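Reading through the structure tokens given below for one structure.
Protein chains: 4
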Amino acid sequence: MTSTSSKTDPALRKVAIVGASGYSGEELCALLDRHPSADVTAVFSRQHLGKTLGEVMPRFSGLKISSLVFTEADPAKVAACDAGVVFLALPHGVAAEYAVAAVKAGKVVIDLSADFRLREAAVYADYYGGEHPAPELLRDAIYAIPELSRESIRQSPLIACAGCYPTSIQLPLIPLLKAGLLDPDGIVASSASGVSGAGRKAAVDYLYAECNENMRAYGLPRHRHLSEVEQQLSHAAGHKVVMTFIPHLAPMNRGIHTTIVGTPAAGRTAADLKKALLAAYASDPFVRIRETPPETKHVSGTNFCDIALYDEPRTGRVVILSVIDNLVKGAAGQAVQCFNIRAGLAETEGLM
Amino acid sequence: MTSTSSKTDPALRKVAIVGASGYSGEELCALLDRHPSADVTAVFSRQHLGKTLGEVMPRFSGLKISSLVFTEADPAKVAACDAGVVFLALPHGVAAEYAVAAVKAGKVVIDLSADFRLREAAVYADYYGGEHPAPELLRDAIYAIPELSRESIRQSPLIACAGCYPTSIQLPLIPLLKAGLLDPDGIVASSASGVSGAGRKAAVDYLYAECNENMRAYGLPRHRHLSEVEQQLSHAAGHKVVMTFIPHLAPMNRGIHTTIVGTPAAGRTAADLKKALLAAYASDPFVRIRETPPETKHVSGTNFCDIALYDEPRTGRVVILSVIDNLVKGAAGQAVQCFNIRAGLAETEGLM
Amino acid sequence: MTSTSSKTDPALRKVAIVGASGYSGEELCALLDRHPSADVTAVFSRQHLGKTLGEVMPRFSGLKISSLVFTEADPAKVAACDAGVVFLALPHGVAAEYAVAAVKAGKVVIDLSADFRLREAAVYADYYGGEHPAPELLRDAIYAIPELSRESIRQSPLIACAGCYPTSIQLPLIPLLKAGLLDPDGIVASSASGVSGAGRKAAVDYLYAECNENMRAYGLPRHRHLSEVEQQLSHAAGHKVVMTFIPHLAPMNRGIHTTIVGTPAAGRTAADLKKALLAAYASDPFVRIRETPPETKHVSGTNFCDIALYDEPRTGRVVILSVIDNLVKGAAGQAVQCFNIRAGLAETEGLM
Amino acid sequence: MTSTSSKTDPALRKVAIVGASGYSGEELCALLDRHPSADVTAVFSRQHLGKTLGEVMPRFSGLKISSLVFTEADPAKVAACDAGVVFLALPHGVAAEYAVAAVKAGKVVIDLSADFRLREAAVYADYYGGEHPAPELLRDAIYAIPELSRESIRQSPLIACAGCYPTSIQLPLIPLLKAGLLDPDGIVASSASGVSGAGRKAAVDYLYAECNENMRAYGLPRHRHLSEVEQQLSHAAGHKVVMTFIPHLAPMNRGIHTTIVGTPAAGRTAADLKKALLAAYASDPFVRIRETPPETKHVSGTNFCDIALYDEPRTGRVVILSVIDNLVKGAAGQAVQCFNIRAGLAETEGLM
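Chains as they are written, first to last, in the numbering used here: chain A, 388 to 739; chain B, 388 to 739; chain C, 388 to 739; chain D, 388 to 739.
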């Protein structure tokens, strides 16, 4: 599954990044700088116009990418740039406009925002508020978790990368629901995320002294990511899945730890489920099925998703643990993995 | 409920602490040092024999308590000391021996360990391994969360304080189960604890560089605290409760955040449950029912338990959040609250 | 030194807090809530007008202070309130206006800002920029570190509490310079502060994900606090002291660790200096001279300043370490200590 | 300076790691796994004998290196392995025995311990205690900071990599002292290190709950690293340098922040010093001279050393700030940089 496609498209190796100064954008810069086959030819920003990437982000000073000068973030300019692939690391609602222009200009768009993850504009409006900014593009967009959607990634002009929490929930659940091994009712997922998940925006709630030595739930009664998770789980299960999802903010920079409780389908055992997970990801380089509880530090700075499944005979349920780095497998790394697939490269290129 | 009993017992104001050098013991020292009515007359330790408390724990230097010299921790010596109340801040399996000697000597024992929390020695053996060290004392011991067991605390010679996770789970659930408002089946509790919960013992797993920037589940498939939680919830519900409980280690010193998912009993609504919680704790000084998600920092260093309950109409469930400081309401503060009740003092004395 | 004055002034027990919602103000609220002799009768805020303190800061819910309603922060209203003492926990430049009005109204002002720490308006203008907002009040104001200025605190209408870094630097150095034991030339102080020192203001630089796992110097080439430190050290030494001071931001909520390198005066030894420190603070309840390196956790949440002095025979210098909690001894605790002295109470009241 | 040598030695591409399970060893594994030209052929351990690297360190599961089986750590076995280069990531005192055997067997040894950093066995005995374990090898060993000792690295069989603190101190100071621009007297260095610097050993002092929310100095009155720093600075200055160095433990996993105060040599200005630093490192890929205060997060996970120099006209001194990742430029990265030089590879290979 991870072998290089026979045909790689050289035009796709030139890439541009819009929104490089957020946490996901910064991670994208780091990953693409050391990617052997990608060539970052443009970075766009409103805030940092005219400065070099090295000036804005001192950690990049001295790297290849550091001398790139920020161009004005403007859909027309993005559409006119020489890159074949455009990464959008922008807030939801802002990305769509850029996607429309870039797709029209024939570019491949890899979108890290939520704008094209939902198939129905009405669900977007319900969860995100307001009209969908570009409903006409929804049918062209594909929802992308590489392990679960390689074929569509290879052909789509608009790749909507899954959100961070959703990636940690779907990787363990989709194979189980698809195979009818897990009861689609009664699923409960409780996740904890590092604070970089809140983005690099000035807000008292995310100050160091507010988040350190603190743990809190948020997003109740329904976090926005529920919409894409239920859409995808329902698709896999073949009927509507309604679940409980409670995100928490944990005092760390990076990492998502997700704990899922569910019930094996009638006649199925925890052993069946574990076997299915092992089989589903046997040839996937970035999903590791574990015998011991996965820890976020095991995947920190990597594109791995580690999963463990525990039987709970006392209750007849199973407990599934999964961890990712929210900025890598949950954002920039997943986007690069999509890029590798789309550009016909080895899936692990620049990621291991 | 919190008013001072008419009769206070002066003999009970002299207190001793066995195991003062662990995290719970250290917190006990801090609380009792500034307690207006308690007089710490002895501290016992094997490790620090002959040193003063101020030498062993520099933070206490200059406080009243700092010049106390550690006496050899030995059940006979503890039994012979002049204190009326003995606090045991010892590991499970070690506390029992001291409890036996002190109770026999007519002292009131407030035990922070797990030794006397379970009513049945067989359950202890199952969860903690090995024979119960003093089964003959089990019928004298009472399980203590002050808000739920004031009357028995007033009369018992052996007060077994609830564990940290169990306190955060039972305070919201017991009133609901007692009133038949919550379905006793299908309860899922996911908790995150600060690392002080693991105790002050040299172990690679709890090194700074292992725990910082990391989040992990542990104790699977069944953590020891499940035994006391199920015992008490079953008692409240009037029949056997079997639940899922998954503890996690979070990168912070203190605090427990518990997220519980359950289903209202048939015909009951989330509003009914919330009303019941408000009523149950209307006159309790240390339980606060909140309108917004409680955060562990709100209760850090305090004896409060903050609880919020959210309706989840999409699933028909409720989500209950509760937070405590594991070393205060989850250990030393709870013990002092028990002491206040037992000694006929105002329940908040030394704790607010 | 710490005994209660024979005459205490009951009018001074009613206190008001302006700027309760910053970190120092919040700490003041916590300390004054449990202070046996202080009665907080008013809290002022622009932002939170009309809300209760418990609503704005959930941690205070259920405490005495929590039902206080924020009054509009306006100098005239502060001057007209019924409190005898007004605590100002405001940014520099903002506090002065309130101080002028309150002093004119006959109140005692305890100011946590920098507005009245410098004797000369020109130095203020040089370090803080712009004209001093109330130069006419400078001669009434006294610079206050309680251990070093008890007499003036007892008589002044305007008590300018020392800054956080300055407290950690002056407590060890002033007695040495006064006694001529330390060479006033060549002093180097390097400090690390927790992030709460930057205040509760929305700014990207103080976001969790910017500060966690990070250490940085700032304020170069001269931090504002240098102005008050050099003023006070020069006064103690009897001639102009010019020193190096480099503050750093450390990934913790609270605490300042200061490391000072200096040279004993000709003919003096490290032992002489240590003896002098022990003598200077022999009867001070909040300064502890230590034999081992002090740690910020030893003083966290307390009003202590811990100091250790090490001989460095290789270089002929001494290394002095001092630690405080920046929000307590470095701000709110110091202010309450001043209050205790001014109101004729025991100096430790509400602080131990 | 960073160009590939014309002659690379293929025999040196096979490498072995002794002590892979400490923090530096783990970082070495990570760096060498993705190094394009290095081939890890053996890992040695006493503790983990027979297990795979992936079993012992779950983060490596799925990487090339993960299936390597730990061989018994024994000098004879290390000497007999097929690697041309042996990395020693062992405690001081333990490494020497392995170095002796491996050098005798004709291998190149890259030692991360302190065993061969000092030229004189007597200084070793003075600072580290006990006899030097292999004094006969001291004359073959070279002290290595790649930027300062490339030529000797190319020829030596025993490369003693500089310590973490020493690297952060010497990179800024050596060029200044060599050029006579900095007064060799009166230098003061104050450093803060992340807790991984203490190693992966079970000890209460390094528990999470002891180090989090805490800052402390240690190693007083003279830390072991002073010996190698003074040796090298003296060599550069051409006469004996005696300095003050105070290390601190900061609550973070990784990173060293060093703040140095010194005085320009007579007739020299801060501008001269800055110019000299810029010139000294103009073509060095891993040293960046900065205009703003460097932060440890800018170099976290990288082999960079960032340096800034500030003039302090008030005192006539300069303040020099430098930051590294203690596990990379301070240990494993520096070792790989040495390896690249020794093996005739591009100096940045596997490190950017």
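Using N, Cα and C, we set each Cβ at its ideal position, and we do this for glycine too. These numbers were taken from a predicted model, which means no experiment stands behind them.
A distance below 6 angstroms between beta-carbons, with the five flanking residues on each side excluded, links C:K438 to the following residues of its chain, in chain order: F457.
Non-local C-beta neighbours of B:T683 in its own chain, meaning closer than 6 angstroms and more than five positions away in sequence, comprise G642, H644 and V710, ordered along the chain.
Runs of alpha helix (DSSP H) with 4 or more residues, each lying fully within the stretch 464-500 of chain B, are found at 482-491, listed in chain order. Rounded to the nearest whole angstrom, the CA to CA distance from B:A695 to A:L620 is 29 angstroms. For D:R609, the nearest beta carbon of chain C is closer than 8 angstroms to its own beta carbon. Under the 8 angstroms Cβ criterion, the stretch 504-517 of chain C does not count as touching the stretch 485-492 of chain C, having fewer than three qualifying pairs. In its chain, beyond the 5 residues on either side, S577, S578, A579, S580, M602, R603, A604 and Y605 have a beta carbon closer than 8 angstroms to the beta carbon of D:H635.
In the same chain as D:V575, and ignoring 5 residues on each side of it, the C-beta atoms closer than 6 angstroms to its own belong to T631 and V648, in chain order.
Counting along the chain, the unbroken alpha helix (DSSP H) around B:V686 starts and ends at T683 to V686. For D:H610, the closest of D:K662, D:C551 and D:H435 by C-alpha to C-alpha distance is D:C551. Under the three-state reduction of DSSP, A:F447 is assigned to helix. Contact fails between the stretch 666-673 of chain D and the stretch 536-544 of chain D, because fewer than three Cβ pairs, one in each stretch, are under 8 angstroms apart. Between A:V402 and A:V427, the CB-CB gap stays under 8 angstroms.
DSSP places C:S432 inside the beta strand (DSSP E), whose first and last residues are D426 to S432. By the neighbour-count criterion, in which a residue is buried when 16 or more other Cβ atoms sit within 10 angstroms of its Cβ, A:D572 is exposed. For A:P553, the CB contacts under 6 angstroms within the same chain, skipping 5 residues up- and downstream, are H612, E615 and V616 in chain order. Looking at B:F503, B:N727, B:H435 and B:K565, the one whose alpha-carbon comes closest to that of B:R400 is B:N727. Using a Cβ-Cβ cut-off of 9 angstroms, B:G441 is close to nothing in chain A; its nearest Cβ partner there is about 26 angstroms away. D:I532: not part of any alpha helix (DSSP H); DSSP gives it neither H nor E.
Around the C-beta of A:E459, fewer than 16 other C-beta atoms lie within 10 Å, and the residue is accordingly described as exposed. Judged by their CB atoms, D:V706 and C:T702 are not nearer to each other than the 8 angstroms cut-off.
The way I'd put it, the stretch 435-449 of chain D doesn't touch the stretch 465-478 of chain D; fewer than three beta-carbon pairs between them come closer than 8 angstroms.
B:L499 is not a Cβ neighbour of B:A637, given a cutoff of 8 angstroms.
The beta carbon of A:E507 sits closer than 7 angstroms to none of the beta carbons in its chain outside the five residues before and after it. By the beta-carbon neighbour count (other beta carbons within 10 angstroms, threshold 16), B:V591 is exposed. The Cβ atoms of A:G737 and A:R446 lie no closer than 8 angstroms to each other.
Rounded to the nearest angstrom, the gap between the Cα atoms of C:L524 and B:M739 is 39 angstroms. Per DSSP, the continuous beta strand (DSSP E) segment holding B:G649 begins and ends at I643 to G649. A check of alpha carbon separations from B:E414 across B:P397, B:A663 and B:G584 identifies B:G584 as the nearest.
C:G409 has its alpha-carbon roughly 39 angstroms from the corresponding atom of C:G567. At least one CB atom of chain B sits nearer than 8 angstroms to the CB of A:A604. Contact with chain D is found for A:R675, since one of that chain's Cβ atoms lies less than 8 angstroms from the residue's Cβ.
Using a Cβ distance threshold of 8 angstroms, C:D693 and C:R675 count as a contacting pair. Nearest CB-CB separation between B:D502 and chain A: not below the 8 angstroms threshold. In chain order, H479 place their CB closer than 6 angstroms to the CB of C:A501, counting only its own chain and leaving out the 5 sequence neighbours on each side.
Less than 8 angstroms divides the Cβ of D:S424 from the Cβ of D:L732.
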